[in-house]
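For reference, the structure is listed below as C-alpha coordinates.
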Amino acid sequence: MVRLTKIYTRLGDGGETHLGDMSRTSKADARVAAFGDVDETNSAIGVAATHDLPAGIGEKLTRIQNDLFDLGADLCVPDG
870 MVRLTKIYTR LGDGGETHLG DMSRTSKADA RVAAFGDVDE TNSAIGVAAT HDLPAGIGEK
930 LTRIQNDLFD LGADLCVPDG
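Okay, so the sequence shown: first residue is 870 according to the working numbering, each after it adds one.
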(Lines of atoms letter the chains of each structure in order from A and count residues from 1; the text may use other names and numbers.)
(Lines give C-alpha, C1' and ligand atoms only; values in the text may rest on other atoms or scores of the structure.)
Protein backbone atom coordinates (compact mmCIF):
# COMPACT_ATOMS: atom_id res chain seq x y z
CA MET A 1 0.00 0.00 0.00
CA VAL A 2 1.25 3.48 -0.84
CA ARG A 3 1.33 5.75 2.16
CA LEU A 4 1.19 9.46 1.38
CA THR A 5 2.27 11.39 4.44
CA LYS A 6 3.39 14.62 2.79
CA ILE A 7 2.39 16.09 -0.55
CA TYR A 8 4.11 19.19 -1.91
CA THR A 9 3.07 21.27 -4.90
CA ARG A 10 5.94 23.74 -4.35
CA LEU A 11 3.55 26.62 -5.03
CA GLY A 12 2.95 27.61 -1.45
CA ASP A 13 -0.47 28.18 -0.06
CA GLY A 14 -0.81 31.91 0.42
CA GLY A 15 -4.52 31.42 1.04
CA GLU A 16 -5.18 30.82 -2.64
CA THR A 17 -6.21 27.91 -4.83
CA HIS A 18 -6.30 27.18 -8.56
CA LEU A 19 -9.46 27.28 -10.61
CA GLY A 20 -10.12 25.10 -13.65
CA ASP A 21 -8.38 27.53 -16.00
CA MET A 22 -5.32 27.56 -13.67
CA SER A 23 -6.04 31.11 -12.50
CA ARG A 24 -5.81 31.61 -8.75
CA THR A 25 -8.44 32.84 -6.31
CA SER A 26 -8.73 33.29 -2.59
CA LYS A 27 -9.81 30.27 -0.58
CA ALA A 28 -12.28 32.67 1.06
CA ASP A 29 -13.97 33.31 -2.31
CA ALA A 30 -17.67 32.47 -2.46
CA ARG A 31 -16.94 30.28 -5.50
CA VAL A 32 -14.63 28.07 -3.42
CA ALA A 33 -17.26 27.81 -0.67
CA ALA A 34 -19.77 26.77 -3.34
CA PHE A 35 -17.40 23.96 -4.47
CA GLY A 36 -17.42 22.63 -0.94
CA ASP A 37 -21.19 22.87 -0.61
CA VAL A 38 -21.74 21.08 -3.92
CA ASP A 39 -19.21 18.37 -3.01
CA GLU A 40 -20.72 17.83 0.44
CA THR A 41 -24.21 17.58 -1.02
CA ASN A 42 -23.02 15.10 -3.63
CA SER A 43 -21.32 13.05 -0.93
CA ALA A 44 -24.45 12.95 1.24
CA ILE A 45 -26.50 11.81 -1.75
CA GLY A 46 -23.92 9.11 -2.41
CA VAL A 47 -24.28 7.82 1.13
CA ALA A 48 -28.08 7.89 0.86
CA ALA A 49 -27.88 5.95 -2.42
CA THR A 50 -26.17 3.04 -0.64
CA HIS A 51 -29.35 2.28 1.32
CA ASP A 52 -32.45 0.39 0.27
CA LEU A 53 -34.61 3.00 -1.43
CA PRO A 54 -38.08 3.01 -2.92
CA ALA A 55 -38.31 2.20 -6.61
CA GLY A 56 -37.04 4.97 -8.85
CA ILE A 57 -35.33 6.98 -6.13
CA GLY A 58 -31.87 5.56 -6.84
CA GLU A 59 -32.10 6.65 -10.46
CA LYS A 60 -33.20 10.14 -9.42
CA LEU A 61 -30.31 10.41 -6.98
CA THR A 62 -27.87 9.35 -9.69
CA ARG A 63 -29.24 12.03 -12.02
CA ILE A 64 -28.95 14.66 -9.26
CA GLN A 65 -25.36 13.59 -8.57
CA ASN A 66 -24.50 13.95 -12.26
CA ASP A 67 -26.07 17.42 -12.29
CA LEU A 68 -24.08 18.40 -9.18
CA PHE A 69 -20.88 17.14 -10.79
CA ASP A 70 -21.62 19.31 -13.84
CA LEU A 71 -22.35 22.27 -11.54
CA GLY A 72 -18.99 21.79 -9.82
CA ALA A 73 -17.26 21.74 -13.21
CA ASP A 74 -19.03 24.96 -14.19
CA LEU A 75 -18.08 26.62 -10.90
CA CYS A 76 -14.40 25.86 -11.33
CA VAL A 77 -14.12 27.82 -14.58
CA PRO A 78 -14.37 31.61 -14.26
CA ASP A 79 -16.82 33.47 -16.48
CA GLY A 80 -15.04 34.60 -19.49
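For every residue, glycine included, the Cβ atom is placed at its ideal position computed from N, Cα and C.
Because the structure is a prediction, the values reported are computed rather than measured.
Item: Any chain B beta carbon closer than 8 Å to GLY905; Value: In the displayed structure, chain B is absent; only one protein chain is listed.
Item: 8 Å Cβ cutoff met for VAL901 and LEU940; Value: no
Item: Ranges of the alpha helix (DSSP H) found wholly within the stretch 922 to 946, counting only runs of at least 4; Value: 926 to 944
Item: Boundaries of the beta strand (DSSP E) in which ARG893 is found, first to last residue; Value: 893 to 895
Item: Cβ pair count under 8 Å reaching 3, the stretch 923 to 930 against the stretch 882 to 899; Value: no
Item: N- and C-terminal bounds of the alpha helix (DSSP H) containing THR910; Value: 899 to 918
Item: Cβ neighbours of VAL946 in the same chain (closer than 7 Å, five flanking residues each side left out); Value: LEU888, GLY889, ASP890
Item: Close-in-space but distant-in-sequence residues of the same chain around SER895 (CB under 7 Å, 5 per side omitted); Value: GLY884, GLU885
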